[in-house]
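Numbering (the numbering used here), first residue to last: 23 to 137.
Just so it is clear, CB atoms sit at the ideal spot from N, CA and C, and this is done for glycine as well.
This structure is a prediction, so every number in the text was calculated from the model and none was measured.
To start, the structure itself, in structure tokens.
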């Protein structure tokens with residue numbers, strides 16, 4: 023496993039723990055399709071929540087959420103639609119969140135309805 027993958031997994035693990043503490047049910051992680059990937063898929067109330075996790079070592083550069091470009095958003099949306107159809111979850115509401123993880127401070131900035 024590459025350092026980049028381990029680093030990303032570390033951030034995703036922190037966010038998964040954060041979501042569980044907030045009473046979310048984790049449905050899937052690293053859901054992949056040729057046209058896009060979703061880091062974490064969770065459920066809370068009537069929502070299926072698709073979470074993009076951005077992990078950075080520190081805040082010396084851009085905010086991690088700035089890396090979720092319109093192109094990346096479109097890929098996540100397309101993958102989320104495939105996930106809902108495959109898993110027969112089309113009766114749920116959808117929400118797209120971004121979790122910013124800063125490793126040095128173990129800070130999580132969780133943005134609901136990010137796009």
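Item	Value
Distance check for residue 130 and residue 76, CA to CA, integer angstroms please.	10 Å
For residue 118 versus residue 136, is the C-beta distance shorter than 8 Å?	yes
From which residue to which residue does the beta strand (DSSP E) around residue 117 run?	115-124
Determine the direct distance from the alpha carbon of residue 25 to that of residue 132, and round the result to whole angstroms.	24 Å
From 68, 33, 116 and 73, pick the residue whose C-alpha is nearest to that of residue 59; which is it?	73
Three Cβ pairs or more, each shorter than 8 Å: is that satisfied between the stretch 40-50 and the stretch 86-96?	no
By the 10 Å Cβ neighbour count, where 16 or more other Cβ atoms means buried, how is residue 62 classified, buried or exposed?	buried
Would you kindly work out how many angstroms separate the C-alpha atoms of residue 89 and residue 122, rounded to a whole number?	10 Å
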